[in-house]
Every structure is written in structure tokens, then in C-alpha cells.
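Quick note: the sequence shown uses the working numbering, first residue 1, plus one each step. All C-beta atoms, glycine included, are put in the ideal place defined by N, C-alpha and C. This structure is a prediction, so every number in the text was calculated from the model and none was measured. This report concerns only the one structure given below.
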Amino acid sequence: MFSHTFAIFLIANVFAILSFCAFYLPSNLLHLHNKFRPMRNFFLNVLGVRAHYLNFASPLTARQTPPIGPSGHTRQT
1 MFSHTFAIFL IANVFAILSF CAFYLPSNLL HLHNKFRPMR NFFLNVLGVR AHYLNFASPL
61 TARQTPPIGP SGHTRQT
């Protein structure tokens, strides 16, 4: 049979894991985030330079085609 003590043990384990994820992990991840910030900035700069020189087509940096006006001509912007 499924005992009440085992159920309480499982609930306590779940609570312990959730509290660990809620309190310990964020501070640890923030610490690692600050520790590796120079290396991360270096890789982001390398990726940014590479994206700039290879001219990756992304929806944010792609040049938009001008909208077509009512007479079929492109509007002056």
C-alpha cells in the first residue's frame, strides 16, 4: 500500500527541489553570469562583427522595400 509517510516524504522532496530552484540557482547563475561577462562580451562582439561583415539577412537589419503608392510608383521617403 501507498503509505502516508511516503507521500509526505515525496511532498517534502518536491518542496526542497522547488525551493532550491527558486532561491539557490538564481543567485548562483547570476554569479556565473557576472563572472563570465568579459568572455561573453568578447563572443558577442565577434558574432556582431561577423554578422556586420557578412551582412546576415535578418528582419531587423534587412533593408525594407519601399511601399507601393496608389499610382504604382514607389513613395518618396
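Neighbour flag for residue i against chain B, beta carbons, 8 Å
i, result
"residue 16", "Among the protein chains of the structure shown there is no chain B, as only one such chain exists."
Alpha-carbon to alpha-carbon, residue j and residue i
i, j, result
"residue 25", "residue 37", "18 Å"
"residue 3", "residue 18", "23 Å"
"residue 41", "residue 27", "20 Å"
"residue 23", "residue 13", "15 Å"
"residue 9", "residue 15", "10 Å"
Reduced DSSP secondary structure (H/G/I, E/B, other) of residue i
i, result
"residue 3", "coil"
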